Amino acid sequence: MRDRSMAGAGAGARSSRAGGGKRGAASSSAAAASACVYYATTALLVALCVAGAYFLTSTSSADGDAATVTAYRHTTRSSFAYELTRERAAPRGEEASEARDTPAAVKAVGAEEEPRPDRSAGAALGDPHARPDEERVSDEAAAGVEEEHEAAAVAMEDVKAEDGGGHVAAGDDEAASARGGEVEEEKERETAVLEESSREQREQEQEQEPQLEMPHERPRGAAAAVEEKNLDGGIEEESNAGQRQREAEQSALEEQQAAAGSQLRREAQEDPQADDGADEGTEEERGREQSQGEEEARSSSVSGSSGDADSGEAVSESEHTGTGRADGNASQDDGRSVEVEDSLAAEGRTEEQKAWATQADESHRETDRRDEGGDIDGNGAENAGGEEREWRVCNVKAGADYIPCLDNEKAIKKLRPENFRRYEHRERHCPDEGPTCLVALPSGYRRPIEWPKSRDRVWYSNVPHTKLVEVKGHQNWVKVSGQYLTFPGGGTQFIHGALHYIDFLQQSVRAISWGKHTRVVLDVGCGVASFGGYLFERDVATMSFAPKDEHEAQVQMALERGIPAISAVMGSKRLPFPSKSFDLVHCARCRVPWHTDGGALLLELNRVLRPGGFFVWSATPVYQKLTEDVEIWKAMTSLTKSMCWELASIKKDRLNGVGVAFYRKPTSNECYESRRRQQPPMCADDDDADAAWYVRLNPCVHRVPTAPSERGARWPSEWPRRVRLPPYWLNGSQAGVYGRPAPEDFAVDYDHWRRVVDGSYLNGLGIDWSRVRNVMDMRAAYGGFAAALWEKKIWVMNVVNVDAPDTLPVIFERGLLGIYHDWCESFSTYPRSYDLLHADHLFSKIKDRCAVLPVVVEVDRIVRPGGSIVVRDEAGAVGEVEKLLRSLHWDVRLTFSKNDEGVMYAEKSGWRPELVEEPS
1 MRDRSMAGAG AGARSSRAGG GKRGAASSSA AAASACVYYA TTALLVALCV AGAYFLTSTS
61 SADGDAATVT AYRHTTRSSF AYELTRERAA PRGEEASEAR DTPAAVKAVG AEEEPRPDRS
121 AGAALGDPHA RPDEERVSDE AAAGVEEEHE AAAVAMEDVK AEDGGGHVAA GDDEAASARG
181 GEVEEEKERE TAVLEESSRE QREQEQEQEP QLEMPHERPR GAAAAVEEKN LDGGIEEESN
241 AGQRQREAEQ SALEEQQAAA GSQLRREAQE DPQADDGADE GTEEERGREQ SQGEEEARSS
301 SVSGSSGDAD SGEAVSESEH TGTGRADGNA SQDDGRSVEV EDSLAAEGRT EEQKAWATQA
361 DESHRETDRR DEGGDIDGNG AENAGGEERE WRVCNVKAGA DYIPCLDNEK AIKKLRPENF
421 RRYEHRERHC PDEGPTCLVA LPSGYRRPIE WPKSRDRVWY SNVPHTKLVE VKGHQNWVKV
481 SGQYLTFPGG GTQFIHGALH YIDFLQQSVR AISWGKHTRV VLDVGCGVAS FGGYLFERDV
541 ATMSFAPKDE HEAQVQMALE RGIPAISAVM GSKRLPFPSK SFDLVHCARC RVPWHTDGGA
601 LLLELNRVLR PGGFFVWSAT PVYQKLTEDV EIWKAMTSLT KSMCWELASI KKDRLNGVGV
661 AFYRKPTSNE CYESRRRQQP PMCADDDDAD AAWYVRLNPC VHRVPTAPSE RGARWPSEWP
721 RRVRLPPYWL NGSQAGVYGR PAPEDFAVDY DHWRRVVDGS YLNGLGIDWS RVRNVMDMRA
781 AYGGFAAALW EKKIWVMNVV NVDAPDTLPV IFERGLLGIY HDWCESFSTY PRSYDLLHAD
841 HLFSKIKDRC AVLPVVVEVD RIVRPGGSIV VRDEAGAVGE VEKLLRSLHW DVRLTFSKND
901 EGVMYAEKSG WRPELVEEPS
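The numbering of the sequence shown is full-length UniProt numbering, which starts it at 1 and goes up by one.
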């Protein structure tokens with residue numbers, strides 16, 4: 001309005017002076033002419049300044065008006081359909097006028113319109129039947145750029161008319177002629193600027209559209225190079241978000257002409273630190289996304305939706321792409337197409353790898369030894385996932401119970417007799433290449449019975465094995481009752497029920513204190529795992545294991561019942577657990593020769609048992625007087641004394657007629673130092689007690705940690721406090737997995753997964769949690785995902801990859817269960833073991849070491865029909881896994897991607913191919 005008022009004032013003055021000239025006053029005429037020139041010149045300059053400011057602000061705003069949103073449909077059909085919709089926000093009334101007056105108005109309009117596209121994406125995730133607002137989308141898309149250009153043209157005509165009026169009223173031909181030339185030049189410059197801006201906007205729109213049509217084919221950038229340094233989008237940089245936004249708006253005026261091509265670079269090189277990498281020419285779009293990031297941080301959502309927590313947490317962000325990311329947008333400057341790492345993580349990276357990655361170091365050494373022996377050759381890194389597959393059923397002797405690394409008959413035939421004596425034939429012997437055939441289903445397979453009913457009975461057709469019924473039926477292990485296998489709750493040492501036996505143990509040694517002091521238990525030779533199954537009633541998590549031997553399918557029955565278990569054996573190698581992990585180790589007639597080979601197997605239990613923890617041995621040598629039992633008892637007594645174990649108590653269970661010995665591991669090194677005979681010997685200083693992946697047993701004793709800051713020097717907090725609190729031994733000067741100080745890293749991880757689980761997994765993905773019991777986190781860090789679910793009636797197997805930071809000690813310290821594993825090999829479990837798998841950035845990390853195809857086939861093997869998987873990863877990795885799962889006839893129920901990060905939820909069907917693999 002200021003240009004119009006000033007022009008009006010100038011015109012009135014010039015009209016007054018002209019009237020005076022007609023009355024013939026010569027002196028007055030000269031003064032009037034001079035004043036006319038002065039006011040006309042002033043009016044023209046003011047008009048030109050206003051017009052120039054308008055063109056700069058309107059061009060910058062026009063570039064950012066078109067906001068593109070990818071909204072996916074959440075369906076319940078196997079053919080998952082998605083839509084790509086482009087939403088453009090047209091100027092509205094007074095808001096559009098104000099936007100031409102000041103850059104602050106641009107910011108206000110962007111902030112006000114920001115939630116509109118996000119609500120569409122959020123609804124598509126939160127509601128299975130949600131659709132984008134198609135009417136509004138089509139109207140705005142049709143009006144978008146044309147209205148912007150029309151508004152600019154009308155404003156241009158207004159300025160031209162005002163300037164023209166000033167020239168006519170001036171009355172001074174010479175001054176008007178000079179000013180007319182200047183105006184013509186200025187008009188030409190302004191026209192050129194407007195045309196250039198329109199051309200750049202059209203080019204930018206052409207670049208954006210194909211990128212959105214192919215969301216899974218964007219090249220990997222810095223987000224792939226920087227692992228997981230920021231868990232939660234913008235939670236650390238919320239306080240700086242406003243300052244960055246103001247700086248970005250100011251710099252947009254200077255960087256406007258460099259907009260062409262910047263969108264493509266942003267997609268390809270996602271920068272975790274978008275603080276100063278402003279994307280020229282898309283100022284308003286970035287402003288909306290940054291305001292969105294601030295709102296996400298305030299509402300504890302990590303998704304891209306400003307109001308839908310379910311959809312928000314489903315995408316979660318960019319949680320593993322760098323500290324300082326407040327808005328999920330990874331723009332970069334023209335001149336800076338380099339990868340940027342979080343500074344804290346970069347500073348501590350060397351120390352972090354040295355402190356955490358012990359399993360990678362040890363497994364590499366063991367792999368070299370195995371390769372030299374010609375036993376196992378690792379999978380190649382060639383990725384066959386993109387090929388069209390003709391699936392076939394595995395043609396193996398094990399049939400529907402095939403475990404590739406335990407049923408490798410070719411490798412077992414190469415073993416020598418001494419290998420069998422050490423039970424190496426029951427250990428892992430993985431094939432040279434991961435199988436790509438599919439395991440058959442048992443005839444008449446049915447969806448498993450839900451917990452807790454499953455603890456007492458399962459479908460016989462799912463585990464059609466009767467040998468255990470014949471051998472152990474009199475001990476109340478398992479019976480056949482019509483179409484069910486029933487489990488009375490007994491065992492070899494507790495025929496009259498596990499609960500009585502469990503209570504008897506605590507009454508014998510009060511310090512056990514189930515569910516408070518004792519939370520994590522290892523059950524050796526578990527049978528059908530009734531001991532671990534009933535310990536759930538005492539808030540105890542039990543890792544049960546037994547070999548795949550003549551007691552056919554005992555671990556399979558345990559898993560079918562909903563009880564944690566793995567197929568493993570006390571053989572020639574360490575168990576896949578870190579040292580000082582278990583609060584108590586239990587063996588009830590577990591058939592392990594503890595006293596032989598220098599006590600190597602009992603020393604392995606000593607390694608995994610927490611200082612001050614109990615070894616509970618319920619076996620015939622404790623209470624029977626047969627010659628063999630007496631000899632074994634004498635050998636065990638000598639061995640346990642040399643290991644400095646205290647025989648805390650021997651008790652007799654009169655109901656079951658068995659005796660139990662309670663041994664306690666020492667909490668200091670005084671006994672070790674005072675031994676007259678150093679047998680078994682102390683382990684060497686370079687013997688890493690936590691190294692456990694393909695590491696051979698070493699019959700030695702590791703020193704007990706005594707320094708206040710060492711892990712194992714103190715007992716963890718009582719359950720359930722220990723699941724929430726960072727372990728006391730996490731060092732604040734050590735960088736955690738994501739680059740922060742380790743205790744802070746732990747706390748942020750826990751908070752993050754609580755928000756994801758509460759905001760999305762429990763409600764937003766469509767998971768029927770009443771049918772979920774056995775869960776696996778395929779790439780656990782601190783166990784935050786499992787910790788967020790601890791109050792649910794489920795259990796989680798936390799898998800720490802051997803090439804990832806060794807955080808498994810943290811998981812056990814929290815009172816959770818976990819295991820080391822290399823996903824380039826098959827997992828030591830039966831087919832159809834798990835209801836839900838969770839894969840957080842697993843496939844993008846593993847594809848550099850081995851092919852993705854065998855890993856997806858392994859997923860298909862261990863998931864039950866009707867079970868599901870949640871994949872969170874880079875968009876390209878999610879797309880690759882999605883393609884393979886679709887070819888396996890999985891029902892892909894949901895996919896969503898944003899900023900090259902994606903999430904997918906899929907359910908396994910009961911499909912099996914008709915073709916059978918050729919015999920090898």
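We treat Cβ as the ideally placed atom computed from N, Cα and C, and that holds for glycine. Every value quoted in this text rests on a predicted model; they were computed, and no experiment measured them.
Checklist entry - Looking only at C-alpha atoms, which of Glu550, Met643, Ala648 and Pro621 sits nearest to Val658? => result Along the sequence shown, read from residue 1 onward, the residue named residue 658 stands at position 658. The candidate whose alpha carbon is nearest that of Val658 is Pro621.
Checklist entry - Buried or exposed: Leu836, going by 16 or more other Cβ atoms within 10 Å of its Cβ? => result Stepping through the sequence shown from its first residue, residue 836 is reached at position 836. Burial call: buried.
Next on the checklist: Let me make sure I understand the geometry here. Which of Val469, Tyr728 and Gly612 has the alpha-carbon closest to that of Val810?
Outcome noted: Within the sequence shown, the letter at position 810 stands for residue 810. Closest by alpha carbon: Tyr728.
Next on the checklist: Can you find the residues in the same chain that come closer than 6 Å, C-beta to C-beta, to Pro546, ignoring five residues on each side of it along the sequence?
Outcome noted: In the sequence shown, the residue the question calls residue 546 occupies position 546. Note that residue 546 corresponds to Ala in the displayed sequence, not to Pro. Only Gly525, Cys526, Gln554 and Val555 meet the Cβ criterion.
Item to check | Beta-bridge pairing of Met543 - partner residues as DSSP gives them | outcome: The residue given as residue 543 occupies position 543 in the sequence shown. Met543 has Leu522 as its beta-bridge partners, per DSSP.
Checklist entry - Whose C-beta lies closer than 7 Å to the C-beta of Pro442 among residues of the same chain, with five residues either side of it excluded? => result By 1-based counting over the sequence shown, the position of residue 442 is 442. Ala400, Ser461, Asn462 and Pro464, listed in sequence order.
Next on the checklist: Given this structure, state the Cα-to-Cα distance separating Glu537 from Arg591, to the nearest angstrom.
Outcome noted: Here the question's residue 537 lines up with position 537 in the sequence shown. Here the question's residue 591 lines up with position 591 in the sequence shown. Looking at the two C-alpha atoms, the distance is approximately 27 Å.
Item to check | Alpha-carbon to alpha-carbon, Ala692 and Gly434 | outcome: As a working mapping, residue 434 is identified with position 434 in the sequence shown. As a working mapping, residue 692 is identified with position 692 in the sequence shown. Taking the straight line joining both Cα atoms gives about 22 Å.
Checklist entry - Thinking C-alpha only, which one of Val458, Trp514 and Leu655 is nearest Ser481? => result Taking the sequence shown and counting its residues from 1, one reaches residue 481 at position 481. Here the closest residue by C-alpha is Val458.
Item to check | DSSP-derived helix/strand/coil call for Gly324 | outcome: Indexing the sequence shown from 1 puts residue 324 at position 324. A caution first: Gly324 carries a pLDDT of 36, below 50, which makes its placement in the model too unreliable to give a value.
Checklist entry - CA-CA distance, Gly533 and Leu406? => result Counting from one through the sequence shown, the residue named residue 533 turns up at place 533. Counting from one through the sequence shown, the residue named residue 406 turns up at place 406. One C-alpha to the other measures close to 25 Å.
Item to check | Nearest residue (CA-CA) to Gly783, options Ile767, Asp745, Leu584 and Gly766 | outcome: Indexing the sequence shown from 1 puts residue 783 at position 783. Between Gly783 and the set Ile767, Asp745, Leu584 and Gly766, the nearest pair of CA atoms involves Asp745.
Checklist entry - Are there 16 or more other CB atoms within 10 angstroms of the CB of Gln493, so buried, or fewer, so exposed? => result Counting from 1 along the sequence shown, the entry for residue 493 is found at position 493. Under this definition Gln493 is a buried residue.
Checklist entry - In this structure, what does DSSP give as the bridge partners for Phe614? => result Along the sequence shown, read from residue 1 onward, the residue named residue 614 stands at position 614. As DSSP reads the structure, Phe614 sits in a beta bridge with Leu584 and Arg664.
Next on the checklist: I'd like to know whether the C-beta atoms of Ala529 and Ala565 end up nearer to each other than 8 Å.
Outcome noted: On the sequence shown, position 529 is the one that residue 529 refers to. On the sequence shown, position 565 is the one that residue 565 refers to. For Ala529 and Ala565, yes; Cβs fall inside 8 Å.
Next on the checklist: Here's a check: name, in chain order, each residue in its chain whose Cβ is nearer than 7 Å to the Cβ of Gln679, leaving out the five neighbours to either side.
Outcome noted: To locate residue 679, count along the sequence shown from 1; it is residue 679. The answer, listed in chain order, is Ser642.
Item to check | Segment limits, alpha helix (DSSP H) that includes Ala674 | outcome: On the sequence shown, residue 674 is found 674 positions in, with the first residue counted as 1. Strictly speaking, residue 674 in this sequence is Ser, with Ala absent from that position. Glu670 to Ser674 is the extent of the alpha helix (DSSP H) around Ser674.
Checklist entry - When you compare only the Cα positions, how much space is there between Lys107 and Ala51? => result On the sequence shown, position 107 is the one that residue 107 refers to. On the sequence shown, position 51 is the one that residue 51 refers to. Per-residue confidence for Lys107 stands at a pLDDT of 40, beneath the threshold of 50, marking its modelled position as unreliable; the derived number appears in the next sentence. Each residue's alpha carbon lies about 20 Å from the other.
Next on the checklist: Let me confirm a value: Val630 is counted as buried when at least 16 other C-beta atoms fall within 10 Å, else exposed. Which label applies?
Outcome noted: As a position in the sequence shown, residue 630 is number 630, starting the count at 1. The residue is exposed, with fewer than 16 neighbouring Cβ atoms inside 10 Å.
Item to check | Rounded C-alpha distance that separates Thr667 from Ala713 | outcome: Within the sequence shown, numbered from 1, the residue matching residue 667 stands at position 667. Within the sequence shown, numbered from 1, the residue matching residue 713 stands at position 713. Annotation: Thr667 to Ala713 spans about 7 Å, alpha carbon to alpha carbon.
Checklist entry - Glu917 and Val393 look like a contact to me (Cβ under 8 Å); what is the Cβ gap, rounded to whole Å? => result As a first step, residue 917 is located in the sequence shown; it is residue number 917 there, counting from the start. As a first step, residue 393 is located in the sequence shown; it is residue number 393 there, counting from the start. Contact flag correct, Cβ pair sits at about 6 Å.
Checklist entry - What residues match up with Asn801 in a beta bridge as DSSP calls it? => result On the sequence shown, residue 801 is found 801 positions in, with the first residue counted as 1. DSSP output for Asn801 lists His821 as bridge partner(s).
Item to check | Under 8 Å between C-beta atoms of Ala742 and Gln734 | outcome: Residue mapping note: residue 742 aligns to position 742 of the sequence shown, counting from 1. Residue mapping note: residue 734 aligns to position 734 of the sequence shown, counting from 1. Yes, Cβ-Cβ distance for Ala742 and Gln734 is below 8 Å.
Checklist entry - Out of curiosity, what's the CA-to-CA distance linking Val881 and Arg428? => result As a position in the sequence shown, residue 881 is number 881, starting the count at 1. As a position in the sequence shown, residue 428 is number 428, starting the count at 1. Looking at the two C-alpha atoms, the distance is approximately 27 Å.
Item to check | Minimum C-alpha distance to Leu601 - residue among Gly571, His474, Arg886 and Pro431 | outcome: The residue labelled residue 601 in the question sits at position 601 within the sequence shown. Leu601 has its Cα closest to that of Gly571, out of Gly571, His474, Arg886 and Pro431.
Checklist entry - How do the region 893 to 910 and the region 752 to 768 stand: do at least 3 beta-carbon pairs fall below 8 Å, yes or no? => result yes
Checklist entry - For Thr41, which beta-bridge partners are listed by DSSP? => result Stepping through the sequence shown from its first residue, residue 41 is reached at position 41. Beta bridge pairing from DSSP links Thr41 with no other residue.
Checklist entry - Helix, strand or coil: which one does DSSP assign to Asn774? => result Within the sequence shown, residue 774 is the residue found at index 774, counting from 1. In the structure shown, Asn774 sits in a strand (DSSP, three-state: E or B).
Next on the checklist: Would Leu816 and Val723 qualify as a contact pair, given that the criterion is a beta-carbon distance under 8 Å?
Outcome noted: The sequence position of residue 816 within the sequence shown is 816, counting from 1. The sequence position of residue 723 within the sequence shown is 723, counting from 1. Yes, these two residues count as a Cβ contact at 8 Å.
Checklist entry - At which residues does the alpha helix (DSSP H) containing Ser508 begin and terminate? => result Here residue 508 refers to the residue found at position 508 of the sequence shown. That run of the alpha helix (DSSP H) goes Ala498 to Ser508.
Next on the checklist: Just verifying my parser: in three-state terms, what is the DSSP assignment at Ile632?
Outcome noted: In the sequence shown, the residue the question calls residue 632 occupies position 632. In this structure, Ile632 counts as helix in the three-state DSSP scheme.
Next on the checklist: What does the alpha-carbon distance come out to for the pair Asn395 and Val903?
Outcome noted: Indexing the sequence shown from 1 puts residue 395 at position 395. Indexing the sequence shown from 1 puts residue 903 at position 903. The straight-line gap from Cα to Cα measures roughly 34 Å.
Item to check | Integer Cβ distance of Arg589 from Ser618, believed to fall under 8 Å | outcome: Along the sequence shown, one-based indexing puts residue 589 at 589. Along the sequence shown, one-based indexing puts residue 618 at 618. Contact holds; Cβ gap of about 7 Å.
Checklist entry - Taking the continuous alpha helix (DSSP H) assigned at Met557, which residues delimit it? => result Your numbering for residue 557 matches position 557 in the sequence shown. From DSSP, the alpha helix (DSSP H) with Met557 extends over Gln554 to Arg561.
Item to check | Close beta carbons around Gly444, own chain, < 7 Å, minus the five adjacent residues each side | outcome: Along the sequence shown, one-based indexing puts residue 444 at 444. The residues are Ser461.
Checklist entry - When you compare only the Cα positions, how much space is there between Cys824 and Arg849? => result Sequence index remark: in the sequence shown, residue 824 carries index 824 (1-based). Sequence index remark: in the sequence shown, residue 849 carries index 849 (1-based). For Cys824 and Arg849, the distance between alpha carbons rounds to 7 Å.
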